[in-house]
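K.L.:
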Amino acid sequence: MPTTVAVVGSTGSIGTQTLDVVRADPDRFRVVALGASTSVDLLAEQANEWKPEVVALADPGRARELEALVPAGTRVIAGPEALPAISTGADVVVNGVVGFAGLPVTLAALGAGRRLALANKESLIAGGPVVRRARETPGAEIIPIDSEHGALHQCLRGGRQEEVRRLLLTASGGPFRGRSAAELATVTVDDALAHPTWAMGPKITVDSSTLMNKGLEVIEAHELFGTPYDFIEVVVHPQSIVHSMVEFTDGSVLAQLSMPDMRLPIGYALAYPHRIGSPFGHIDWTTLSRLDFQPPDLVGFPCLGLAYAAGRAGGSAPACLNAANEVAVAAFLAGAVSWTAIAAIVEDVLAAHESVPLTDVDVVIDVDSRARRAAGQMVEKRNRAA
Ligand code: MG
């Protein structure tokens, strides 16, 4: 029996690469549901290739248009509840939605006792305690689709939890590694979108340039593996070949290596505890000449320290950090604020935030919207001052 897969966010970078993995191993997996926010044409094209039972569109205004394009036998559902609605019925639910909007998908999949193949780290970071409770549903589990956490998940199979000394998260350092404060003050959107080793969506690419992505990944590692923050370290590794490492109590370090290719962690998350038969990210050892490592620059890239601080503060602080960052990154991409303003806005919103316990999803949504409003006001203030 093939493993059934729901791909939520199927038209984005993670979604299309998930379908590549399935295409390479068609006997092992069957796509039963596809969902996207607004990309009707690509969603319809995918529906015609995979003939899923159901396709979901978050934008209700274009449901009619989509219905006319999908094959007979594929149901169309649309509206704000559509993506979580298709996240309960498959063996594996891939959450490739961008940003906080992925939270309902995460909660729906875990609440239905499914395996969640999670690329949407924001839901885990913002909804920490709420997601933790949903993970206790019998059958529910998270296998990360993030190259670093997929690597950690693999390395952690090499020992017992009490034998782990620390997690070493690698970071490429992004396009601005090694730049001075003066150089960083004038970088453009195009500069930030030119990632040296990974091709990804715009939001995560900007997060990589500020090191906020690594900061979010520190919180993600804490949530996924329960490791205290003092035992999660970031190591800059410009080649993006060592995807992360685990140091054990006897001094042994296990690392996972491959060329940067998201289809490897996607295939791992879909097939775990087995391994798929198609290699992605294969290393040619005759041309790989060196692997470099260095400490991160916490002064030029303050977002990493802000994320550690929010993670350590706990409660609603990570949700606030995430929301402020999403607003600041969107403003940067729209040309409204500078690159250095991203960290400044996040810092100011966090400083004014009073942490509350995240008792349920409504509290998470409330914290998120308040932090978004505060960040939006700071964007406006900066515009007026400029
Ligand atoms: Mg990553």
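The opening residue of the sequence shown carries number 25 in my numbering; numbering runs sequentially from there.
For glycine and all other residues, C-beta sits at the position ideal for the given N, C-alpha and C.
1. So within the stretch 62 to 103, which uninterrupted beta strand (DSSP E) runs reach at least 3 residues, ignoring any that extend past its ends?
2. Just to confirm, does Ser-37 get its C-beta within under 8 angstroms of one of the non-hydrogen atoms of the ligand MG?
3. Counting pairs of Cβ atoms below 8 angstroms between the stretch 165 to 180 and the stretch 211 to 220, do you hit three or more?
4. Cβ atoms of Leu-235 and Lys-145: under 9 angstroms apart, would you say?
5. Within the continuous beta strand (DSSP E) that includes Tyr-27, where are the two ends?
6. Going by Cα to Cα distance, which pick from Val-45, Val-32, Cys-327, Ile-38 is closest to Ile-300?
7. Could you pull out every residue in the same chain whose Cβ sits closer than 6 angstroms to the Cβ of Val-129, ignoring the five residues on either side in sequence?
8. Relative to the alpha-carbon of Pro-289, which residue among Trp-309, Ser-268, Leu-322 has its alpha-carbon at the smallest distance?
9. Tell me whether Ser-393 counts as near the ligand MG, meaning its Cβ is closer than 8 angstroms to at least one heavy atom of that ligand.
10. Pro-84 and Ala-102 look like a contact to me (Cβ under 8 angstroms); what is the Cβ gap, rounded to whole Å?
11. Taking all protein chains shown into account, decide if Thr-304 is buried (16 or more other Cβ within 10 angstroms of its Cβ) or exposed.
12. What three-state label does DSSP hand Pro-220 in the structure shown?
13. Whose CA, out of Ala-398, Glu-247, Gly-163, Glu-207, lies closest to the CA of Leu-148?
14. Who are the near neighbours of Val-56 in its chain, counting only those whose CB is closer than 8 angstroms to its CB and skipping five residues on each side?
15. Within 10 angstroms of its Cβ, does Arg-397 collect 16 or more other Cβ (buried), or is it exposed?
16. Report, in whole angstroms, the separation of the C-beta atoms of Leu-90 and Val-117, which I expect to be a contact under 8 angstroms.
17. Considering only the beta carbon of each residue, do Gly-59 and Leu-43 sit closer than 9 angstroms?
18. Give the secondary structure of Gln-280 by DSSP, where H, G and I count as helix, E and B as strand, and everything else as coil.
19. When the Cα atoms are used, what is the spatial distance from Ser-188 to Val-242?
20. Please determine whether the Cβ atom of His-377 lies at a distance below 8 angstroms from any heavy atom of the ligand MG.
21. Give a yes or no on whether the minimum CB-CB distance between Arg-157 and chain C is below 9 angstroms.
22. What residue does the beta strand (DSSP E) around Val-403 start on, and which one ends it?
23. Can you tell me whether Gln-178 is helix, strand or coil according to DSSP?
24. So Arg-157 is in the alpha helix (DSSP H); what residue range does that whole segment cover?
25. Whether or not the stretch 159 to 169 and the stretch 132 to 143 are in contact is what I'm after, with contact meaning three or more pairs of Cβ atoms, one per stretch, closer than 8 angstroms; do they touch?
26. Could you tell me whether the Cβ atoms of Pro-319 and Val-260 are closer together than 9 angstroms?
27. Could you give the uninterrupted runs of the alpha helix (DSSP H) lying entirely in the stretch 288 to 370, keeping only those of 4 residues or more?
28. Going by DSSP, which residues form a beta bridge with Met-269?
29. Specify the secondary structure class of Asn-237 as computed by DSSP and reduced to three states.
30. Verify the contact flag: Asp-170, CB atom, against every heavy atom of the ligand MG, threshold strictly below 8 angstroms.
31. Going by C-alpha to C-alpha distance, which of Phe-272, Arg-156, Leu-67, Gly-183 sits closest to Thr-383?
32. Taking C-alpha atoms, which residue in Val-270, Trp-222, Ala-337 lies nearest to Met-286?
33. Between Asn-5 and the ligand MG, is the CB less than 8 angstroms from at least one heavy atom?
34. Assuming Ala-334 contacts Ala-341 (C-beta within less than 8 angstroms), just tell me the rounded distance between them.
35. Please list, in chain order, all residues of the same chain as Phe-200 whose beta carbon is under 7 angstroms from its beta carbon, the five residues on each side excluded.
P.N.:
Reading it off the structure:
1. For the beta strand (DSSP E) assignment, the uninterrupted runs of no fewer than 3 residues enclosed by the stretch 62 to 103 are, from N- to C-terminal side, 78 to 81, 99 to 102.
2. The closest heavy atom of the ligand MG lies 8 angstroms or more from the beta carbon of Ser-37.
3. Not touching, per the Cβ criterion.
4. Going by C-beta atoms, Lys-145 is not nearer than 9 angstroms to Leu-235.
5. Sequence inspection shows Thr at residue 27; the Tyr mentioned does not correspond to that position. Bounds of the beta strand (DSSP E) holding Thr-27 are 27 to 32.
6. The shortest C-alpha separation from Ile-300 is found at Val-45.
7. Excluding sequence neighbours, Val-129 sits near Val-32, Leu-107, Pro-108, Ser-111, Asn-119, Val-121.
8. Out of Trp-309, Ser-268, Leu-322, Ser-268 has the C-alpha closest to the C-alpha of Pro-289.
9. No; taking the cut-off as 8 angstroms, the Cβ of Ser-393 has no heavy atom of the ligand MG nearer than that.
10. Right, their Cβ atoms sit about 5 angstroms apart.
11. Correcting the residue identity first, residue 304 is Phe in this sequence and not Thr. Residue burial annotation: Phe-304 is buried, with at least 16 other C-beta atoms found within 10 angstroms of its C-beta.
12. Residue state, collapsed to three classes: coil.
13. Ranking Ala-398, Glu-247, Gly-163, Glu-207 by CA distance to the CA of Leu-148 puts Glu-247 first.
14. Only Thr-28, Val-29, Ala-30, Pro-76, Glu-77, Val-78, Gly-113, Ala-114 meet the Cβ criterion.
15. The residue in question, Arg-397, is exposed, as its Cβ has fewer than 16 Cβ neighbours within 10 Å.
16. Contact between Leu-90 and Val-117 is ruled out by a C-beta separation of about 21 angstroms, above the 8 angstroms threshold.
17. Contact flag unset, no.
18. Here DSSP, grouped into helix, strand and coil, assigns Gln-280 to strand.
19. Reading off the sequence, residue 188 comes out as Val, not Ser. Taking the straight line from one Cα to the other gives about 16 angstroms.
20. Because no heavy atom of the ligand MG lies under 8 angstroms away, the Cβ of His-377 does not count as near it: no.
21. Going by chain labels, chain C is absent from the structure shown, which holds only one protein chain.
22. In the DSSP annotation of this structure, Val-403 is not part of any beta strand (DSSP E); the continuous alpha helix (DSSP H) holding it starts and ends at 385 to 409.
23. The three-state secondary structure of Gln-178, taken from DSSP, is helix.
24. Its alpha helix (DSSP H) spans residues 152 to 158.
25. Contact between the stretch 132 to 143 and the stretch 159 to 169 is established, with three or more Cβ pairs separated by less than 8 angstroms.
26. Remark: C-beta atoms of Pro-319 and Val-260 approach each other more closely than 9 angstroms.
27. Secondary structure remark: continuous alpha helix (DSSP H) runs of at least 4 residues inside the stretch 288 to 370, in chain order: 327 to 337, 341 to 357.
28. For Met-269, which the question treats as bridged, DSSP gives the partners Leu-192, Ala-279.
29. Asn-237: helix per DSSP, three-state reduction.
30. Yes, Cβ of Asp-170 sits closer than 8 angstroms to a heavy atom of the ligand MG.
31. Of Phe-272, Arg-156, Leu-67, Gly-183, the residue nearest in Cα terms is Arg-156.
32. Restricting attention to Val-270, Trp-222, Ala-337, the CA atom closest to the CA of Met-286 is found in Trp-222.
33. Past the edges of the chain, shown from 25 to 410, lies residue 5, and the structure says nothing about it.
34. Right, the Cβ-Cβ distance comes to about 4 angstroms (below 8 angstroms), so this counts as a contact.
35. Taking Phe-200 as the centre and dropping the five residues before and after it, the same chain places the C-beta of Leu-208, Val-211, Ser-233 closer than 7 angstroms to its C-beta, in chain order.
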